[in-house]
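Single-structure report; data block below.
Residue numbers (the working numbering), protein chains in the order written: chain A, 13 to 125; chain B, 323 to 433.
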């Protein structure tokens, strides 16, 4: 059974701080990793994708992948109150004909002004 | 920027009735998906669709469910004989290369 695990939070950070969100997954045969943001009652919105070990930066967001440790993280620099949402980690495993995504339960982030 | 659209935004139906949820994927995307999210729970994969056929489906996607691409733009999810436990948000997603983009969802309430 392929699992994606996240701390449910809430993670509370002050405005302007760095928020660090973590995700672990159960199977080494994974291929692609995604971070989605979901506001309450809304759909998942893609923030970042990462496919190889290391860091990938896009604006205030940095995704980090360590396949040996089965670990992927998302750093949000200069956190803003508008970043307050649930962040979903999603994994697409190899040998997956449909490229389905398996989601973690999400981490709720609260950025306090 | 192109978006996935879904209709209706909210559907209320009685137990045992059939519902059809509609999606218009992003126009140059070839891979289509349905996911659902029961309130307070994880987003769960239902089915993927490519080249006019199902490429993968989850255990949730039993004979009660079916998908169709009736024309060049729409992608539908039909739920026959709805049950109370089918109440959830249903998301359509589409993909060109690696990344899946989600529509706004349809909230299905079965009473």
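Virtual Cβ for every residue (Gly too), placed ideally from N, Cα, C.
Note that this is a predicted model, so its numbers are computed, not measured.
Residues 14, 16 and 103 of the same chain have their beta carbon placed closer than 6 Å to that of residue 114(A), with the five preceding and five following residues left out of the count. Those residues of the region 109-120 of chain A placed with their C-beta closer than 9 Å to a C-beta in chain B are 109, 110, 111, 112, 113, 114, 115, 116, 117 and 118, ordered along the chain.
Of the residues 323(B), 430(B) and 422(B), the one whose Cα lies closest to the Cα of residue 409(B) is 430(B). Using a Cβ-Cβ cut-off of 8 Å, residue 77(A) does not count as an interface residue toward chain B, since no Cβ of chain B sits closer than that to its own.
Excluding five sequence positions before and after residue 83(A), the CB atoms of its chain that fall closer than 6 Å to its own CB belong to 36, given in chain order.
Distance from the CA atom of residue 76(A) to the CA atom of residue 323(B), rounded to whole angstroms, is 27 Å. The C-beta distance from residue 20(A) to residue 120(A) rounds to 7 Å, short enough to meet the 8 Å contact threshold. The bridge partners DSSP lists for residue 353(B) are 372(B) and 417(B). Exclusion of the five residues before and after residue 365(B) leaves 357 and 359 as the residues of its chain whose Cβ lies within less than 6 Å of its Cβ. As the crow flies, the alpha-carbon of residue 105(A) is around 19 Å from that of residue 352(B).
Taking 8 Å as the cut-off, the Cβ atoms of residue 406(B) and residue 337(B) count as close. Within the same chain, Cβ atoms closer than 6 Å to the Cβ of residue 422(B) are found at 415, the five residues on either side in sequence being excluded. CA-CA distance, residue 426(B) to residue 55(A), rounds to 5 Å. For residue 412(B), there are no neighbours in chain A by C-beta distance under 7 Å, as the nearest C-beta there is about 10 Å away. Contact with chain B is found for residue 56(A), since one of that chain's Cβ atoms lies less than 8 Å from the residue's Cβ. Think of a sphere of 9 Å around the beta carbon of residue 416(B): no beta carbon from chain A falls inside it, the nearest being about 11 Å out. Taking CB atoms only, residue 424(B) has a neighbour in chain A less than 8 Å away. Assigned with DSSP and collapsed to three states, residue 408(B) falls in helix. Its chain contains 347, 371, 397 and 416 as the residues whose beta carbon lies nearer than 6 Å to that of residue 354(B), once the 5 sequence neighbours on both sides are disregarded; these appear in chain order. Under the 8 Å criterion on CB atoms, residue 325(B) is classed as non-interfacial with respect to chain A.
411(B) is the residue among 334(B), 411(B), 376(B) and 419(B) whose C-alpha sits nearest the C-alpha of residue 361(B).
Residue 42(A) sits in a strand when the DSSP states are folded into three classes.
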